[in-house]
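Asker: First the structure, then my questions, so here it is.
Protein chains in written order, with this note's numbering: chain R, 1 to 262; chain U, 263 to 524; chain S, 525 to 786; chain C, 787 to 1048.
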C-alpha cells in the first residue's frame, strides 16, 4: 500500500453511500434528491473548500466502489449505510479494515453503527435502542477543547430526528465528545473517537434518511471537523506487523516464520 | 443462553489450552509435563481454593471443548494458544465471542494475543515485536488500587522470558495495570483490561511454552486475581440486542423487523 | 497513618453532612427531619446491613468531625455539602486529601461537586449549568458491567430534581457509569469514577436538599454500591512518596534529601 | 482575560525556567551556558521556525515573569523547575492555574512533575522513584497516530539520563503516548496528555540539569510537537463558570448568587 498523505495536500475523502432508500422511498428522495452521499459530500466541501477533494461511491458500484486502488488513494472514508449492511461483501469489508489499520481515517455515520466494518473494528454488537418518531435531538459538547468540537454551538438542536438511546454496545471510547438527548428523555453517546491500528475513527450518530439532518449547518461542520481530524499524520500507509528483533537492534525487524520450534 | 453466576457460588473457570507444543517439543514437556493448561489450572486453584471450580479443555477435543453447553456454564474462560491459532474453527470463535458479549469473562494469556478470538474482540492486528532469548522480564504495577494488582509485589521479576515489545497494536485499554521491561530495553503493556458487550477481558502477557512462567507464584496470583475480576456480576447471560422503544416506555423493547420502510 | 481495612471486616463509613439547610429551611427539614446525612446513612445500612459500620459527622462538629483519628479509621467517606463549602477549613481539606491519596475511599454527592475537597482532587473548576425547577431526571447506565451499576434499573427515574447540565468542568473520568437527562433536554455525566493516589473516588450527582432523592430506593442502592467499590483493597494506609532506588535494588527506597547537588 | 489565539498567527510560547542550578553548579553551566530555558527555547524555534514566537522568563523575575499581562498573551507555557518549587509564590500558581483552565496550553518537563502547578492540576502527590546514575533511557511510542509522536523514531535513545520510575502517582492520563525504560530495568510513563478546564497539558519526562537532554534532536522535536498540540483551538480565553439556565433557554446563563434559599 502506498500512502497519499501530505499535510499540505487536499484531504482525499470518499463518501460511501448505501443509496438504497433513495431509490425506493419517495420521502427520502424528496429530502436527498441527489442521494444522501451527495449531500454529505457537499457539506464537507462547504466547510473545507480547497482543503479537500471529495468523491462519492455507492453500494451498487463494482466492488461497492472500494477497490484497492480507490482505498489506497483515500485519506478519509465516510460511511453511511442502513438497510443493506448484509449486502456489503466480506471481501470489501476486509479490505477497508486493512486500510483503516494502515492509517486511513474512517467516519461512521448514524445507522452505520450496525455496518459490518464498524462491528469488525469495535468487536462488539454495536446494538442500541431506537425510535423514529420525530424526537427533538439536542447535541451537547463534553470535550470542548477537542478539534472536532470547534465552531460547534453548545448545544445545537436537530428539530426532528430518529432517537438512538443507550445502552450502546461499543467499547468505551478513547474520547467522548458529544452527548445527545431526545424529547422522550433518552440519551446517547453521539460523538466518539477510537484509534485502531494506525487509523483514526470518528463515530457521529446524527443523520437519518427520513430527516434532513445532513442539510443542517452544525452537522455538516461536525463532519468536516471529523474529516480533518481523521486524516492520518503519518507519512506512510502500512499495517502494523509482527516482527522479531535481535537484542540491541531496535530498528530492523525480521518477518515471522511460524510459531512452532521458532 | 442461561447464566450460571451467583456471587456466592464458586467461579466456574475453563482453561483452554492449545496443547500442541507439549505434544511435539520435549523442552516444553519437561516444563509442563501435564500440559500448560493443567499448570495454569493448578495456579488458579492454589490461589482461589474452594472459591473456584476449574476444568480444562484443549484444541483437540471435539469442538475444541467449547460447546454451547460448556460455554453456557462457564463464568470465566482462560485462553492460551500459540502455534495453532489457525486451527481454531471460526464457528467456535463466533460462539466464544457471543458468550463474551453476553457476559462470560475472558483471560487472554501471552501468545493468545494473536488468537482469532482476541483479534475479533479488539478489531486490530494485535501484532507486536518479540524475541525469545531469555530476557529478564520485570513487571511493574501502574494501577495499584486495581483488584488484579492486589498482593502482587511491585515489581516482580520473571528470570527468563520471551520479550514482547511495543508497538502492540491493540485499542487503548480501559485500564492499564502492568508494564513490563526486558533486559534488552524493550517495554510492553503487559496487563490490560477491556470491556466488550457485557463481558470483561483481561490480557496478561507473561507466559511462554519455553519458560516455566506458569509455575511462578506471582504470575499465578495475577491470573487468579484476573479470574475473580472477570466474573460478571450481572445475574443473567444475554447478548445486547437492538430494540425499538415507544415514547415513555423505557423498559419494553420490540424486536427489530428490518431497516427499510420500518 | 494506620489502615483499617480487612476484606472480611465491615466497611467503616463516615457520612459527612453540611447540615445547614436543615437548620434554616423548613422545606428541607420536612424532607430530611433528622438531617440529610442521617438519611444517606440509613440508605447505606439498608443495602449493606452488617457489612457496613456507618457514622455521621457534620460541619459544626469540632474539626468538622474529621480529626486524624476519625479519618484513620474510615474506609469510605461520603461527602454532601452545598451552601457552606467556604466554611470548611483548609486544614481539614488537606487532611482529607492526604487520606484519600493514602487509600481512603470518597463518595462525592450532588452539590459537593463544588466542595473544596473535590476541586482539590480534580484540579479543575468543577463548574456546571443548573436549574432547580422540578425537572424529571432519568438516569441511564452506560457501563453495565460496573460493580456500581449492579441491581440498578436501566433507566431509573427521579420524579423531580434539580437540573445539572454540561459542560461539567471535570477531568475525563476513568469510568463513565451513568448519564442523566432532564425534562428540559439537558444532559449530565452523573456517575463517574476517578483514582487519585491510592484512593478511589465516585461522584454521583443525584441528590438535592429540596427533593426527597436520598429516600429513593435506586439512589440508595447506587450509593451503597459506591461505598463497596470505593473501599480500598490495599492492606495498608499510606501516601505515595518520592524515593531514590539504587540500581538493581527494586524494593528499598531512600528518602529524598533536597534537589540541589543531591 | 482576552485571548490571543488565531490558527494562522505564530504560537506565543513562554518558557519558564527555574534557573537555579545554572547559577550554582558549574556542571550544569557547562551543559547549558545560557540557561536550560534558553536551550529549550532554541529547540522549539529550531523545529517550528516562523510558526512560533518564544520568550523566556525565570523564577527570579518579578512575579517570576508570569504577570497577568504575560499569561494573557501566552498560548503555551513550558515549565521546567526542580530545586526551588517551594519558592514559586502561591499567587502566581493560582494565576497560572486559572489561565490553564481558561485555555492556555501547558508543557510540564521532567522534574516539574513536582512543581506546585502540576500538583494543583493533577490533584495527586506526583511522586515517583528516581536515581541519577547515567542510565540509558529508551523512549517508546505507544500511540503512534498522536500528533506529538509524529516524526519521532520508535524508539529513540537518550544515552545518559536520570532514571524516573513507576509508580508515578498521577491520574490515569487521557492519552499515553510514550513509555521509557532505563538500564536498571525501571519503566516510566514518560509522555502523557491531560485536559483540565479548557486547557491542554502535556507532561514529558526526559530532561535533567545534569545531562544534555535538551540538546538532543528527538527531545526537541517532541517538545515542539507538544507546543503545537497544546495551543488551544478555541477563539476566546475564559474560565468555565457555574451558571443557571432557564428551561428552554440553552444559551443565556445567569450568574450564581449563593446557595442558600436560591
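Backbone N, C-alpha and C define an ideal beta-carbon position, used for all residues, glycine too.
As a quick exercise: from U/334, U/331, U/364, pick the residue whose alpha carbon is nearest that of residue 460 of chain U.
Answerer: Locating residue 460 of chain U in the second chain gives position 198, where the first residue counts as 1. Residue U/364 is the option with its Cα nearest to residue 460 of chain U.
Asker: Helix, strand or coil, according to DSSP, for residue 264 of chain R in the structure here?
Answerer: Nothing can be reported for residue 264 of chain R: it is not among the residues displayed for chain R, which extend from 1 to 262.
Asker: By the criterion of Cβ-Cβ separation under 7 angstroms, what are the contact partners of residue 462 of chain U in chain S?
Answerer: Stepping through the second chain from its first residue, residue 462 of chain U is reached at position 200. Those within 7 angstroms of residue 462 of chain U in chain S are 669.
Asker: Any C-beta of chain C sitting closer than 7 angstroms to the C-beta of residue 12 of chain R?
Answerer: As a working mapping, residue 12 of chain R is identified with position 12 in the first chain. It does not: the Cβ of residue 12 of chain R has no partner Cβ on chain C nearer than 7 angstroms.
Asker: Return the residues of the segment 230 to 253 of chain R that lie within a Cβ-Cβ distance of less than 7 angstroms from chain C, sorted by chain order.
Answerer: Listed in sequence order: 232, 233, 234, 250.
Asker: Spell out whether any CB of chain C is found under 7 angstroms from the CB atom of residue 206 of chain R.
Answerer: Position 206 of the first chain, counted from the first residue, corresponds to residue 206 of chain R. Not closer than 7 angstroms to any Cβ of chain C, the Cβ of residue 206 of chain R fails to qualify, so no.
Asker: Which residue's Cα is closest to the Cα of residue 725 of chain S: U/277, U/276, U/408, U/371?
Answerer: What you label residue 725 of chain S is simply residue 201 of the third chain in a count that begins at 1. That would be U/408, whose Cα lies nearest to the Cα of residue 725 of chain S.
Asker: Quick check: is the beta carbon of residue 195 of chain R nearer than 7 angstroms to any beta carbon in chain C?
Answerer: Indexing the first chain from 1 puts residue 195 of chain R at position 195. Output row for residue 195 of chain R: interface = yes.
Asker: Whose CA, out of C/869, C/1025, C/848, lies closest to the CA of residue 883 of chain C?
Answerer: Within the fourth chain, residue 883 of chain C is the residue found at index 97, counting from 1. If we check each option's Cα against that of residue 883 of chain C, C/1025 comes out closest.
Asker: Tell me whether the beta-carbon of residue 207 of chain R lies closer than 7 angstroms to the beta-carbon of residue 109 of chain R.
Answerer: Counted from its first residue, the first chain places residue 207 of chain R at position 207. Counted from its first residue, the first chain places residue 109 of chain R at position 109. Closer than 7 angstroms, so yes.
Asker: Buried or exposed: residue 524 of chain U, going by 16 or more other Cβ atoms within 10 Å of its Cβ?
Answerer: Counting from 1 along the second chain, the entry for residue 524 of chain U is found at position 262. Residue placement at residue 524 of chain U cannot be trusted, given a pLDDT of 41 that sits under 50; what the coordinates show is reported in the next sentence. Exposed.
Asker: Starting from the C-beta of residue 562 of chain S, find all residues in its chain whose C-beta is less than 7 angstroms away, skip the five residues before and the five after it, and write them out in chain order.
Answerer: Locating residue 562 of chain S in the third chain gives position 38, counting from the first residue. The answer, listed in chain order, is 580.
Asker: Between which residues of its own chain and residue 997 of chain C is the CB-CB distance below 6 angstroms, once the five residues before and five after are set aside?
Answerer: As a working mapping, residue 997 of chain C is identified with position 211 in the fourth chain. Answer for residue 997 of chain C: 946, 947, listed in chain order.
Asker: Anything in chain C within Cβ reach of residue 150 of chain R, meaning under 8 angstroms, just list it in chain order.
Answerer: Along the first chain, read from residue 1 onward, the residue named residue 150 of chain R stands at position 150. Under the 8 angstroms cutoff, chain C gives 1019, 1020.
Asker: Spell out whether any CB of chain S is found under 7 angstroms from the CB atom of residue 191 of chain R.
Answerer: Taking the first chain and counting its residues from 1, the one referred to as residue 191 of chain R is at position 191. False, the Cβ-Cβ gap to chain S never drops below 7 angstroms.
Asker: So what does DSSP say about residue 748 of chain S, is it helix, strand or coil?
Answerer: Locating residue 748 of chain S in the third chain gives position 224, where the first residue counts as 1. Residue state, collapsed to three classes: helix.
Asker: Check this for me: beta carbons of residue 601 of chain S and residue 694 of chain S, under 7 angstroms apart or not?
Answerer: Residue 601 of chain S sits at position 77 when you count from the first residue of the third chain. Residue 694 of chain S sits at position 170 when you count from the first residue of the third chain. Not closer than 7 angstroms, so no.
Asker: Can you tell which of C/920, C/954, C/953, C/861 has its C-alpha closest to the C-alpha of residue 944 of chain C?
Answerer: On the fourth chain, position 158 is the one that residue 944 of chain C refers to. Comparing Cα positions, the closest option is C/920.
Asker: Would a C-beta distance cut-off of 7 angstroms place residue 973 of chain C and residue 967 of chain C closer than the cut-off?
Answerer: What you label residue 973 of chain C is simply residue 187 of the fourth chain in a count that begins at 1. What you label residue 967 of chain C is simply residue 181 of the fourth chain in a count that begins at 1. In this structure, residue 967 of chain C lies closer than 7 angstroms to residue 973 of chain C by Cβ.
Asker: Which chain R residues are close to residue 385 of chain U, counting only those with a beta carbon under 7 angstroms from its beta carbon?
Answerer: For this step, residue 385 of chain U is matched to residue 123 along the second chain. Going along chain R in sequence order, the residues near residue 385 of chain U (Cβ under 7 angstroms) are 120, 121, 122, 123, 196.
Asker: Assuming residue 385 of chain U and residue 120 of chain R make a contact with CB atoms under 8 angstroms, what is their CB distance in whole Å?
Answerer: Within the second chain, residue 385 of chain U is the residue found at index 123, counting from 1. Within the first chain, residue 120 of chain R is the residue found at index 120, counting from 1. At roughly 6 angstroms, the Cβ-Cβ gap stays under 8 angstroms, so residue 385 of chain U and residue 120 of chain R are in contact.
Asker: So, for residue 595 of chain S: in the same chain, excluding its five sequence neighbours on each side, which residues have a beta-carbon less than 7 angstroms away from its beta-carbon?
Answerer: The residue labelled residue 595 of chain S in the question sits at position 71 within the third chain. If we look at residue 595 of chain S and ignore the five residues flanking it on each side, its Cβ neighbours are 619, 620, 623, 628.
Asker: Do residue 373 of chain U and residue 344 of chain U have their beta-carbon atoms positioned less than 7 angstroms apart in this structure?
Answerer: Start at 1 with the first residue of the second chain, and residue 344 of chain U comes out as number 82. Start at 1 with the first residue of the second chain, and residue 373 of chain U comes out as number 111. In contact: residue 344 of chain U and residue 373 of chain U (Cβ atoms closer than 7 angstroms).
Asker: Using a Cβ-Cβ distance cut-off of 7 angstroms, determine whether residue 155 of chain R contacts chain C.
Answerer: The sequence position of residue 155 of chain R within the first chain is 155, counting from 1. Residue 155 of chain R counts as touching chain C.
Asker: One question on the structure: do residue 25 of chain R and residue 84 of chain R come within less than 7 angstroms of each other, judged by their Cβ atoms?
Answerer: Position 25 of the first chain, counting from 1, holds the residue named residue 25 of chain R. Position 84 of the first chain, counting from 1, holds the residue named residue 84 of chain R. Not in contact: residue 25 of chain R and residue 84 of chain R (Cβ atoms no closer than 7 angstroms).
Asker: At 3 residues or longer, and completely inside the segment 199 to 254 of chain R: list those beta strand (DSSP E) runs for me, N to C.
Answerer: Runs of the beta strand (DSSP E) inside the segment 199 to 254 of chain R: 199 to 204.
Asker: Counting only beta-carbon separations shorter than 7 angstroms, does residue 4 of chain R have a partner in chain U?
Answerer: As a working note, residue 4 of chain R is residue 4 in the first chain. For residue 4 of chain R, the pLDDT reaches just 49, beneath the cut-off of 50, and the residue's location in the model is therefore unreliable, although a value from the coordinates is still provided. False, the Cβ-Cβ gap to chain U never drops below 7 angstroms.
Asker: Any beta-carbon of chain U closer than 7 angstroms to the one on residue 172 of chain R?
Answerer: On the first chain, position 172 is the one that residue 172 of chain R refers to. Cβ-Cβ to chain U under 7 angstroms: yes for residue 172 of chain R.
Asker: Can you tell which of U/446, U/405, U/476 has the C-alpha that lies nearest to the C-alpha of residue 290 of chain U?
Answerer: Numbered from its first residue, the second chain carries residue 290 of chain U at position 28. Ranking U/446, U/405, U/476 by Cα distance to residue 290 of chain U puts U/476 first.
Asker: When the cut-off is 7 angstroms and only beta carbons count, does residue 666 of chain S lie next to chain R?
Answerer: Position 142 of the third chain holds residue 666 of chain S. So, interface residue.
Asker: For a contact defined as C-beta to C-beta under 7 angstroms, what are the partners of residue 400 of chain U on chain C?
Answerer: For this step, residue 400 of chain U is matched to residue 138 along the second chain. Within 7 angstroms Cβ-Cβ: 971.
Asker: Applying a beta-carbon distance threshold of less than 9 angstroms, which residues of chain U neighbour residue 94 of chain R?
Answerer: Here residue 94 of chain R corresponds to residue number 94 of the first chain, with the count starting at 1. Near residue 94 of chain R there are no residues of chain U at all, since even the closest Cβ is about 12 angstroms away, more than 9 angstroms.
Asker: In angstroms with no decimal places, state the Cα-to-Cα distance between residue 930 of chain C and residue 430 of chain U.
Answerer: For the purposes of this step, residue 930 of chain C is taken as the residue at position 144 of the fourth chain. For the purposes of this step, residue 430 of chain U is taken as the residue at position 168 of the second chain. The straight-line gap from Cα to Cα measures roughly 10 angstroms.
Asker: List the residues of chain S that residue 176 of chain R touches, going by C-beta distances under 9 angstroms, in chain order.
Answerer: Counting from 1 along the first chain, the entry for residue 176 of chain R is found at position 176. Near residue 176 of chain R (Cβ distances below 9 angstroms), the residues of chain S are 696, 700, 713.
Asker: Any idea which residues DSSP pairs residue 895 of chain C with across the strands?
Answerer: Within the fourth chain, the letter at position 109 stands for residue 895 of chain C. The partner list for residue 895 of chain C (beta bridge, DSSP) reads C/866, C/990.
Asker: By the three-class DSSP mapping on this structure, what secondary structure does residue 142 of chain R have?
Answerer: The residue labelled residue 142 of chain R in the question sits at position 142 within the first chain. Coil.
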